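Residue numbers (the working numbering): 167 to 375.
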């Protein structure tokens, strides 16, 4: 896939700031210039996730922003979104559920997992770079682990975990096509401004290459 939609990738959250939900984070991220938004709402059942996803999907389409649903291929297919799955899921099954035209992302930790995801139809890969309280079960691979995955596959790779505007350049310099964040936007006092700062950091790094 074209890696440009992965440059600044915001995952939604609820609970960081009282009264701020997934739709609020998504709306702020879009206004701040994010190139991709992922609806990550494990606390919602499929029906509620579909309702929420349809609204965010419409905003993303209007803004030309990639929209992805976390972990639930059936929901993604219903709302016309891509899907992102992990190693506990079946990427090949996810690809069948969403069809050939929607985006499939897969979380990987090693070059072997990257190659397997590529064979299963992944369009892009995600690697946890630094430890993150938003997903403590994800083992951080560090910048060297990120470089190893980037070197193993032609697919674009995004870094996630502990990333913010001040260290985004390190992730990009390690070969990532983009940076994914959760709390850097969702927990920020002003999530739109936080997204703009992340976009500026990415654009600054691109301007030096």
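Ideal placement from N, C-alpha and C gives every residue a C-beta, glycine not left out. Note that this is a predicted model, so its numbers are computed, not measured.
Counting beta carbon pairs with one atom in the region 182-200 and one in the region 353-367, are three or more of them shorter than 8 Å? A contact exists between the region 353-367 and the region 182-200.
What residue range is occupied by the uninterrupted beta strand (DSSP E) comprising residue 294? Segment 290-294, the beta strand (DSSP E) holding residue 294.
Please report the straight-line C-alpha distance between residue 332 and residue 363, rounded to a whole angstrom. About 9 Å.
Quick check on residue 253: does DSSP put it in helix, strand or coil? Residue 253 carries a coil assignment under DSSP once its states are collapsed to helix, strand and coil.
Flag this pair as touching only if the region 316-335 and the region 280-289 have three or more C-beta atom pairs under 8 Å; answer yes or no. Yes, the region 316-335 is in contact with the region 280-289.
Quick one: Cα of residue 372 to Cα of residue 237, how far? Distance between the alpha carbons of residue 372 and residue 237 is about 31 Å.
With distances taken Cα to Cα, identify the nearest neighbour of residue 175 among 271, 208, 214. By alpha-carbon distance to residue 175, the top candidate from 271, 208, 214 is 271.
Take residue 254 as the anchor and find which of 269, 266, 248, 273 has the nearest alpha-carbon. Looking from the CA of residue 254, the closest CA among 269, 266, 248, 273 belongs to 273.
Touching or not, the region 189-208 and the region 216-224, by the rule of three or more beta carbon pairs under 8 Å? Result yes; three or more Cβ-Cβ pairs closer than 8 Å.
How many Å lie between residue 347 and residue 287 at the Cα? The alpha-carbon atoms of residue 347 and residue 287 are separated by roughly 24 Å.
List the whole-angstrom C-beta distance separating residue 264 from residue 302, where the pair is believed to meet the contact cut-off of C-beta under 8 Å. With a Cβ gap of about 28 Å, residue 264 and residue 302 do not count as contacting.
Distance, Cα to Cα, residue 268 vs residue 258? Here the alpha carbons of residue 258 and residue 268 stand approximately 13 Å from one another.
Can you tell me the Cα-Cα spacing of residue 308 and residue 329, whole angstroms? Residue 308 and residue 329: Cα-Cα distance of roughly 11 Å.
What residues match up with residue 204 in a beta bridge as DSSP calls it? DSSP output for residue 204 lists 177, 234 as bridge partner(s).
Return the first residue and the last residue of the beta strand (DSSP E) that residue 275 is part of. Segment: none, residue 275 is in no beta strand (DSSP E) and carries neither H nor E.
Under 8 Å between the Cβ atoms of residue 169 and residue 344? The answer is yes: Cβ separation under 8 Å.
Skipping 5 residues on each side, what residues in its chain have a beta carbon closer than 8 Å to that of residue 212? These residues qualify, in order along the chain: 238, 240, 241.
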